[in-house]
Amino acid sequence: MPARRVVTGRSQEPRKRFAEELRKLRAERGDSLRRLGEVVGWDWSLFSKMEKGETLGGPEVVQALDTYYGTSGMLLVLWELALGDPTQFKERYRRYTALEAEAISLWHYAAYVLPGLLQTEAYARTLMESGGAFEGDELTRQVAARMGRRLLLEGDSAPTFRTILSETVLRTPLPVRAQWQEQLEHLLTAGDRRNITIQVVPHAAGLYALANTDVMFLKPTDGRTVAWVETAYSGEVVESTAAVDQLQHRYDVVRDLALSPADSRKLILRTLEEASCEPSI
Numbered sequence: 030m031p032a033r034r035v036v037t038g039r040s041q042e043p044r045k046r047f048a049e050e051l052r053k054l055r056a057e058r059g060d061s062l063r064r065l066g067e068v069v070g071w072d073w074s075l076f077s078k079m080e081k082g083e084t085l086g087g088p089e090v091v092q093a094l095d096t097y098y099g100t101s102g103m104l105l106v107l108w109e110l111a112l113g114d115p116t117q118f119k120e121r122y123r124r125y126t127a128l129e130a131e132a133i134s135l136w137h138y139a140a141y142v143l144p145g146l147l148q149t150e151a152y153a154r155t156l157m158e159s160g161g162a163f164e165g166d167e168l169t170r171q172v173a174a175r176m177g178r179r180l181l182l183e184g185d186s187a188p189t190f191r192t193i194l195s196e197t198v199l200r201t202p203l204p205v206r207a208q209w210q211e212q213l214e215h216l217l218t219a220g221d222r223r224n225i226t227i228q229v230v231p232h233a234a235g236l237y238a239l240a241n242t243d244v245m246f247l248k249p250t251d252g253r254t255v256a257w258v259e260t261a262y263s264g265e266v267v268e269s270t271a272a273v274d275q276l277q278h279r280y281d282v283v284r285d286l287a288l289s290p291a292d293s294r295k296l297i298l299r300t301l302e303e304a305s306c307e308p309s310i
């Protein structure tokens, strides 16, 4: 079968196509970014980032743009496709992100770093550029992709998400104090949402089985449970029932050691207060 003829000449990658359509629609209206912000009611810098592909924006802003441009839902469809676009992630993560996008519930343990679904842009950027993992345009693209993943936890149909953080996560700040404060504040805000539960395992709990393993459990719509086990260098989808059950048992033990959500929030608040104090000279 011959290759499909390209008719529009525009990108076939959902995320790039979404940005292209936004630029095209604004150009056809003859609006500046500032004018668009005034009319639609969002800061113009958000539209700039969306048109550059640095962020997808949320469903509310896309709905507002769809109404303004009169595209009858087309922008929302493109946004949904861009949100689930696997090509924006490195190949080894595409299987996981596809499962994540379809999950109806997720539960997670973090040994060293915050889960991507709860990271701020500054946290994600610092993590990704450390050790020269990413740089330049690729760094910007990967950070934007991670920020787009956070939208999975928003909206009325968002999946339930529980994360258990080792206290080590809270004791490993960002180099820039203000950015670390922003990250802790974001954690507190996220924890107030009905579908998100955050717990912390204190150092006083001692050694436990998952102490050096980041793991995410996902339940797709077919009712089975799969796990994603990750290190700083690689990740693996675990689908064997026996292996998942073993990991789940270890997770349950960790959950028993964790502080309650209320006490975990108090610990995060204390960490924020400590980060907010000016260092003594």
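Numbering-wise (my numbering), the sequence shown opens with residue 30 and increments by one. Glycine included, each C-beta is placed from N, C-alpha and C at the ideal position. Everything numeric in this text was worked out from a predicted model, so none of it was measured.
- For MET103, the number of other beta carbons within 10 angstroms of its own is below 16, and it is reported as exposed.
- According to DSSP, residue pairing for TYR138 in a beta bridge involves ILE193, VAL244.
- Relative to GLU167, the option among GLY177, ARG154, ARG178, GLY145 whose CA is nearest is ARG154.
- Only exposed fits SER269, as fewer than 16 other CB atoms lie within 10 angstroms of its CB.
- A straight line joining the alpha-carbon of ASP72 with that of ARG63 spans about 8 angstroms.
- By the criterion of a C-beta distance shorter than 8 angstroms, ALA238 is surrounded in its chain by ARG279, VAL282, VAL283, once the five residues flanking it on both sides are discounted.
- In the structure shown, the three-state DSSP call for VAL172 is helix.
- The beta-carbon distance between PRO188 and LEU135, rounded to whole angstroms, is 6 angstroms. This is short enough to meet the 8 angstroms contact definition.
- Per DSSP, reduced to three states, the secondary structure at THR226 is strand.
- A Cβ-Cβ distance of about 5 angstroms is found for the pair LEU286 and VAL230, placing them in contact under the 8 angstroms criterion.
- For ALA256, there is no enclosing alpha helix (DSSP H); the residue is part of the beta strand (DSSP E) that begins and ends at 255-259.
- When only Cα atoms are considered, THR192 and SER159 end up about 24 angstroms apart.
- In the same chain as GLY87, and ignoring 5 residues on each side of it, the C-beta atoms closer than 7 angstroms to its own belong to LEU180, GLU183, in chain order.
- Between GLU42 and LEU107, the C-beta gap is not smaller than 8 angstroms, which leaves the two residues out of contact.
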